[in-house]
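Chemist: Below you'll find the structure I mean.
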Amino acid sequence: MEKIVFRNVSKSFNGYDAVMDLTFHVNEGETLVLIGTSGCGKTTSLKMINRLIEPSKGEILIDDRNISEYNLIDLRHNIGYVIQSVGLFPHMTIARNISIVPELKKWPKDRIASRVNELLSMVGLDPDIFRDRFPAELSGGQQQRIGVARSLAADPPVILMDEPFGALDPITREQLQNEFLSLVRKIKKTIVFVTHDIFEAVRIADRIALMDRGRIVQIGAPEEIIHNPTDRFVVEFLGSHHFQLCLLLIKLEEIMAETLHFKTAEQDIEAIPHLKTGQTILDALNCFKQNPGEHIAIKGDDGKLKGFITKKMISDKIVATIK
Ligand SMILES: Nc1ncnc2c1ncn2[C@@H]1O[C@H](COP(=O)(O)OP(=O)(O)OP(=O)(O)O)[C@@H](O)[C@H]1O
Ligand SMILES: [Mg+2]
Numbered sequence: 041m042e043k044i045v046f047r048n049v050s051k052s053f054n055g056y057d058a059v060m061d062l063t064f065h066v067n068e069g070e071t072l073v074l075i076g077t078s079g080c081g082k083t084t085s086l087k088m089i090n091r092l093i094e095p096s097k098g099e100i101l102i103d104d105r106n107i108s109e110y111n112l113i114d115l116r117h118n119i120g121y122v123i124q125s126v127g128l129f130p131h132m133t134i135a136r137n138i139s140i141v142p143e144l145k146k147w148p149k150d151r152i153a154s155r156v157n158e159l160l161s162m163v164g165l166d167p168d169i170f171r172d173r174f175p176a177e178l179s180g181g182q183q184q185r186i187g188v189a190r191s192l193a194a195d196p197p198v199i200l201m202d203e204p205f206g207a208l209d210p211i212t213r214e215q216l217q218n219e220f221l222s223l224v225r226k227i228k229k230t231i232v233f234v235t236h237d238i239f240e241a242v243r244i245a246d247r248i249a250l251m252d253r254g255r256i257v258q259i260g261a262p263e264e265i266i267h268n269p270t271d272r273f274v275v276e277f278l279g280s281h282h283f284q285l286c287l288l289l290i291k292l293e294e295i296m297a298e299t300l301h302f303k304t305a306e307q308d309i310e311a312i313p314h315l316k317t318g319q320t321i322l323d324a325l326n327c328f329k330q331n332p333g334e335h336i337a338i339k340g341d342d343g344k345l346k347g348f349i350t351k352k353m354i355s356d357k358i359v360a361t362i363k
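Residue numbers for the sequence shown follow our numbering, so the first one is 41 and each next one is one higher.
Printed below as a string of structure tokens:
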């Protein structure tokens, strides 16, 4: 089902066309990533969904209804929003920052308090430690987690995220991306996510919309964008990362073997490193780099053992990808 629909949407600021004739949709429960170079119109497109910016032309629908027909306050309360610079209120505790929309919705105090605890745990921060701190007492990565928690507070069906992990080092960033993925599997939201990092896009997107100078150049699943770029700009944008991106598309569940050729005792399986089915060949290479040995155990999201991979299986797959 189409949750959000853009029909021929344009926005110009004093005669400058920031966004031109955008037509696309976001399916219910899907993560659509908007990606493109700085200034191509990503934030403008996002802000038109919660009416922080009004389109100059065209229309935007949510649940088949034009967003201009919704009560503005109801519309905003039903759309979570993580802004590019986090934007926590410095004079409010973490708990109060997260509670803003539930308070506006007049939830009872005890429901808000338990929701705050639940959300802090969900984004990997201990509620007893963080609830009563102020934003300045958190690291950048922790603040970004609070930004994500706040956007989820009143359980909105739609979430807009504008470079939520933008200002982070690569390690924290990847960790938050993985947490984001397991969170999204649990909460099933319709998400529009802005980034300019193609690796981030390929990791988290169901579909990617690649933008250039106010227009969508190509929209499709990560595999489509990487294997069948339809435009020179797409090829240029992927650039020298193309091969690495191909590897990022190969999930361990595709290449693992369900059993090993030799018998491995239960305790030995626990001793070898493990990854999850949804992780990629790049994660496996990193894992082998950090751990001695020839095997990695692959577990499902349920924690159960699903299979194994060996260094040889990975090198065979990489060689096959080059050919
Ligand atoms: N309020 C405004 N007034 C005038 N021009 C604006 C306004 N907001 C955005 N623009 C212009 O519209 C274009 C698109 O801006 P936008 O913020 O959507 O880009 P972006 O893709 O989010 O870029 P970035 O990756 O740097 O965040 C830019 O050229 C910007 O200068
Ligand atoms: Mg922006």
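Just so it is clear, CB atoms sit at the ideal spot from N, CA and C, and this is done for glycine as well. Remember, it's a predicted structure, so these values are computed and weren't measured experimentally.
Would the beta-carbon of H65 be found less than 7 Å away from any heavy atom of ligand 1?
Modeler: Outside the cutoff, so no.
Chemist: When you measure from the CB of T133 to every non-hydrogen atom of ligand 1, does any distance come out below 7 Å?
Modeler: Because no heavy atom of ligand 1 lies under 7 Å away, the Cβ of T133 does not count as near it: no.
Chemist: Do you know offhand how far N118's Cα is from Y56's?
Modeler: Going by the C-alpha atoms only, they are around 31 Å apart.
Chemist: At what residues does the alpha helix (DSSP H) containing E158 begin and finish?
Modeler: 149–162 is the span of the alpha helix (DSSP H), which, as asked, contains E158.
Chemist: Using beta-carbon positions only, say whether D237 and V257 come within less than 8 Å of one another.
Modeler: Contact: no.
Chemist: Note the first and the last residue of the continuous alpha helix (DSSP H) segment covering K21.
Modeler: There is no way to answer for residue 21, as the model of the chain reaches only from 41 to 363.
Chemist: Rounding to the nearest angstrom, what Cα-Cα distance links V188 and I309 in this structure?
Modeler: Spanning the two alpha carbons is a distance of roughly 36 Å.
Chemist: Please indicate yes or no: does the CB of Q284 lie closer than 7 Å to some heavy atom of ligand 1?
Modeler: Flag unset: Cβ of Q284 not near ligand 1.
Chemist: Would you list the one or two residues that DSSP bridges to M251?
Modeler: Answer is G76, I256, bridged to M251.
Chemist: Roughly how far, in whole angstroms, is the beta-carbon of I244 from the beta-carbon of Q217, given that I think they are within contact range, below 8 Å?
Modeler: Yes, I244 and Q217 are in contact; Cβ-Cβ is about 6 Å, under 8 Å.
Chemist: How would the residue list near ligand 2 read, in chain order, if you kept each one whose beta-carbon is closer than 7 Å to any heavy atom?
Modeler: This criterion selects K82, T83, Q124, D202, E203, V234.
Chemist: Whole-angstrom Cβ separation of I186 and L178, contact assumed at under 8 Å?
Modeler: The Cβ separation is near 7 Å, so the contact holds.
Chemist: Counting C-beta neighbours from all protein chains within 10 Å, is the total for L112 16 or more, i.e. buried, or is it exposed?
Modeler: With fewer than 16 Cβ atoms within 10 Å of its Cβ, L112 is classed as exposed.
Chemist: Kindly confirm or deny that the stretch 273–281 and the stretch 310–322 touch, where touching means at least three C-beta pairs closer than 8 Å.
Modeler: Contact fails: fewer than three Cβ-Cβ distances are below 8 Å.
Chemist: Figure out for me which residue from L128, I107, R105 has the closest Cα to the Cα of R173.
Modeler: The residue with the shortest Cα to Cα distance from R173 is L128.
Chemist: Once the 5 residues before and after I123 are set aside, which same chain residues still bring their CB inside 6 Å of it?
Modeler: Excluding residues within five positions, the ones whose Cβ falls inside 6 Å are D202.
Chemist: How is F348 classed by DSSP in three states: helix, strand or coil?
Modeler: F348: strand per DSSP, three-state reduction.
Chemist: Could you tell me the alpha carbon to alpha carbon distance between L160 and W147, rounded to whole angstroms?
Modeler: Answer to the nearest angstrom: the Cα atoms are 18 Å apart.
Chemist: Consider the C-beta atom of Y56 and the heavy atoms of ligand 1; say whether any pair is separated by less than 7 Å.
Modeler: Because some heavy atom of ligand 1 lies under 7 Å away, the Cβ of Y56 counts as near it: yes.
Chemist: Looking only at C-alpha atoms, which of L208, E219, I227 sits nearest to T235?
Modeler: The residue with the shortest Cα to Cα distance from T235 is L208.
Chemist: Along the beta strand (DSSP E) that carries I119, what are the first and last residues, could you check?
Modeler: Looking at the DSSP string, the run of the beta strand (DSSP E) that includes I119 is 119–122.
Chemist: What span of residues does the alpha helix (DSSP H) with M88 cover, start to end?
Modeler: 82–89 is the span of the alpha helix (DSSP H), which, as asked, contains M88.
Chemist: Could you please give the first and the last residue of the uninterrupted beta strand (DSSP E) stretch that includes G181?
Modeler: Element bounds for G181: not the beta strand (DSSP E) but the alpha helix (DSSP H), 180–192.
Chemist: Tell me whether F53, by its Cβ, gets closer than 7 Å to a heavy atom of ligand 1.
Modeler: For ligand 1, at least one heavy atom lies less than 7 Å from the Cβ of F53.
Chemist: Can you have a look at P142 and say buried or exposed, based on whether 16 or more other CB atoms are within 10 angstroms of its CB?
Modeler: Flag for P142 reads buried.
Chemist: In the DSSP assignment, find the beta strand (DSSP E) that holds V234 and state where it starts and stops.
Modeler: V234 -> beta strand (DSSP E) spans 230–235.
Chemist: Decide if E334 is buried, meaning its Cβ has at least 16 other Cβ atoms within 10 Å, or exposed.
Modeler: Counting Cβ neighbours within 10 Å, E334 comes out exposed, since fewer than 16 surround it.
Chemist: Going by beta carbon distance, what residues of the same chain come within less than 8 Å of L115, once the five residues before and after it are set aside?
Modeler: Taken in chain order, the residues that qualify are N90, R91, I102, I107.
Chemist: Ligand 1 and G34: does any heavy atom of the ligand fall closer than 7 Å to the residue's C-beta?
Modeler: Within the shown structure, residues of the chain are numbered from 41 to 363, placing residue 34 beyond reach of any answer.
Chemist: Taking the beta strand (DSSP E) that V66 belongs to, which residues open and close that run?
Modeler: 56–67 is the span of the beta strand (DSSP E), which, as asked, contains V66.
Chemist: Quick check: the Cα distance between L287 and L322, rounded to an integer number of angstroms?
Modeler: Each residue's Cα considered, the two are about 6 Å apart.
Chemist: For A311, which three-state DSSP category applies?
Modeler: Residue state, collapsed to three classes: helix.
Chemist: I need the straight-line Cα distance from K228 to G69, nearest angstrom please.
Modeler: Cα to Cα, K228 sits roughly 5 Å from G69.
Chemist: Please list, in chain order, all residues of the same chain as Q110 whose beta carbon is under 8 Å from its beta carbon, the five residues on each side excluded.
Modeler: The residue asked about is misnamed: residue 110 is Tyr in this sequence, not Gln. The residues are I102.
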